[in-house]
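Below is one structure, written out as structure tokens, with a few remarks after it.
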Amino acid sequence: MISIDDLHKSFDGNEVLRGISLEIKKGEVLALIGGSGCGKSVLLKHIAGLIKPDSGRIMVDGKDMNMLKGGALTDLRERFGFLFQGGALFDSMTVFENVAFPLKEKTKLSNQLVRERVFRELENVGLSGSEYKYPSQISGGMVKRAALARSLVMDPEIMLFDEPTTGLDPVMGSAILNLIDACHKRLSFTAIVVTHEIPGVFDIVERVAMIHEGIILAEGTPEEFMSFTEPVVLAFVGRD
Amino acid sequence: MLMIRKLGAATLRNLRIMGVMGLFLFKGFFYSVVPPVKITRVLKQVHFIGFQSTLVIMLTGCFAGMVLGFQGYNSLRQFGSDAFLGPAVGLALIKELGPVFSAFVVTGMAGSAITAEIGIMRISEQVDALELMGLNPYRYLVVPNFLAMIVCMPLLTAIFDVIGIFGGYLIGVKLLGVSAGVYFGEMAAYVDMGDVMEGIYKSLSFGIIIIWVCCFKGYYTGIFTGFGAEGVSKATIQAVVMSFVLILVWDYFMTSVLF
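Protein sequence lines correspond, in order, to chains A and B.
Heads up: take any position in the first sequence, counting from 1, add 7, and you land on my numbering.
Heads up: take any position in the second sequence, counting from 1, add 7, and you land on my numbering.
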């Protein structure tokens, strides 16, 4: 479904991605791990078409993200859901308005149907009762849940999670991962989860890829990953 | 050699920024005339830019007119021409001070707030979120401000002018004893529709400059300015300073070339 081929990206002469190649199959959940600043979020934003690569290609269902413009790019983006690290909720809107926003802007659903969909989605992420609070009035975990509800409300085919558990306590982090797993089972989306939540994330993904120094250093199932002997991998998964 | 290289890099960077700014203005105009336009957001921004600036515009207009009344009277009296106080106040306000002062007030009150708002949305990835929903951020963040400014700026300038003329009247007529008939009669004789239109064209173009610069600086926070809160602060300062400078440069160009 998503094919990344020899992706390169530099910022001000600093080469962040040095030839990333990766395949993600339809319906698969892939964890993308690596040290801070190694380019995981940059790769995720490339996949979403928010950043253009210096060279290399990202193909989504055979369509080259870099070659798409205007309406074609918009059509492809509508198939994506993106959970930003900080949630990226519109801070001038309530939780309800945030989740309703894409429905109101992109569909012709009646107000009643929008309301029902939003309430259902918020119930699914455990946010019933917080509909009319502003993002600044709820906790970090609730912001992530609200952002998850907003990204899922349009039934995306591909979900990109940018560090969904960062800044949360272990219990809340684990709850968010379980929520992602439950949503995946319910909606069967293809997903990439950028995370440092190791080994917790291994329970909900089918494959793991590790970025190190701008390339994919190791890739495999969680079981395979735990048996790798590469020192950097060992250090990262805490088996050194 | 290193210095030349640095100079070249800075020149290229500034040329790039100018190119992006030009493209930003073009897109702002393009999406303003191509539907759909978010009417409710336009009205919200009309309220924000127009209504919320009105009181300060009235206050500054009144005092600008009163100062003109004093200075004009004292200067004209030396030549025995205090009868021309009305035209002096009227022409100065309508052609020059009204559009420029109003633009400064709107830059300070609305422009800086717009830069900060869009800048915060940019650094907190809210702009990216809009894009990923398949929505055009220009239509949500830029176009409503463009259209609202086009509506508000001439009206605010007109309010400034009227209040300023009244301020001049208070000082010239009520305080210094110029006849009310002379004040308004001479003003009507010397101020024509061309002068009024000049002020309107100026205010309109200043409004476009303000919203162009302020939206641009907010939209590119973290790209052409620093990151985080510091980036928003820098973007806001740059937006205000650049707007002031461009307003005065464009004012000179319009006055010397167009009118």
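Built from N, CA and C at the ideal position, the CB exists for glycine as well.
Quick one: is residue i buried, meaning 16 or more other Cβ sit within 10 Å of its Cβ, or exposed?
i       : result
S135(A) : exposed
H191(A) : buried
L241(A) : exposed
N105(A) : buried
P151(B) : buried
K52(A)  : buried
Y227(B) : buried
P115(A) : The sequence as given places Lys at residue 115(A); Pro does not occur at that position. It counts as exposed.
M10(B)  : exposed
Q133(B) : buried
T6(B)   : Since the first and last residues shown for chain B are 8 and 266, residue 6(B) lies out of range.
Q52(B)  : buried
K209(B) : buried
P42(B)  : exposed
M73(B)  : buried
K151(A) : buried
F234(B) : exposed
K13(B)  : exposed
V264(B) : exposed
S117(A) : exposed
I46(B)  : exposed
F168(A) : buried
N185(A) : exposed
A225(A) : buried
Measuring from the CB of residue i, is there a heavy atom of the ligand FAD at a distance below 6 angstroms?
i      : result
G72(B) : This structure does not include the ligand FAD; it has no bound ligands of any sort.
Contact check, residue i vs residue j under 8 angstroms by CB: the rounded distance?
i       : j       : result
L154(B) : V49(B)  : 5 angstroms
I58(A)  : K16(A)  : 7 angstroms
Y145(B) : Y38(B)  : 5 angstroms
A136(B) : A95(A)  : 4 angstroms
A196(B) : K224(B) : The Cβ separation is near 44 angstroms, so there is no contact.
Y80(B)  : V185(B) : 7 angstroms
C221(B) : G118(B) : 4 angstroms
I254(B) : F213(B) : 5 angstroms
L83(A)  : L90(A)  : With a Cβ gap of about 18 angstroms, L83(A) and L90(A) do not count as contacting.
G174(B) : A71(B)  : 7 angstroms
G147(A) : L175(A) : 6 angstroms
V167(B) : I64(B)  : Looking at the sequence shown, residue 167(B) is not Val but Phe. With a Cβ gap of about 5 angstroms, F167(B) and I64(B) count as contacting.
Quick one: what does DSSP say residue i is sitting in, helix, strand or coil?
i       : result
N118(A) : helix
S119(B) : helix
S181(A) : helix
N21(A)  : strand
D162(A) : coil
M217(A) : strand
T114(B) : helix
T202(A) : coil
T67(B)  : helix
G184(B) : coil
V36(A)  : strand
T197(A) : strand
I31(A)  : strand
F234(B) : coil
G15(B)  : helix
K224(B) : helix
F260(B) : helix
F168(A) : strand
S10(A)  : strand
L98(B)  : helix
K16(A)  : strand
L186(A) : helix
L224(A) : strand
G41(A)  : strand
G26(A)  : strand
D176(A) : coil
E138(A) : coil
S88(B)  : coil
At a Cβ threshold of 7 angstroms, is residue i touching chain D?
i       : result
A136(B) : Any reference to chain D falls outside this structure, whose protein chains are A and B.
According to a CB-to-CB cut-off of less than 7 angstroms, which residues of the segment 74 to 102 of chain A neighbour chain B?
T81, R84, E85, F87, F89, F91, G93, A95, F97
Between the segment 107 to 126 of chain A and chain B, which residues of the former have CB atoms less than 8 angstroms from a CB of the latter, in chain order?
F108, P109, E112, K113
By the 9 angstroms beta-carbon criterion, what residues does the segment 45 to 58 of chain A contribute toward chain B?
K52, A55, G56, L57
Counting only Cβ-Cβ distances shorter than 9 angstroms, please list the residues of the segment 116 to 131 of chain B near chain A, keeping chain order.
E124, I127, M128, S131
Compile a chain-ordered list of the residues in the segment 140 to 160 of chain B whose CB is closer than 7 angstroms to at least one CB of chain A.
M140, G141, L142
Could I get the ranges of all uninterrupted alpha helix (DSSP H) runs contained in the segment 49 to 95 of chain A, with 4 residues as the minimum, in chain order?
77 to 84
Any residues in the segment 195 to 227 of chain B with a beta carbon nearer than 8 angstroms to a beta carbon of chain A? Which ones, in chain order?
none
Members of the segment 234 to 251 of chain B that neighbour chain A once the beta carbon cut-off is set at 9 angstroms
none
Using a beta-carbon distance cut-off of less than 9 angstroms, what residues from the segment 50 to 61 of chain B approach chain A?
none
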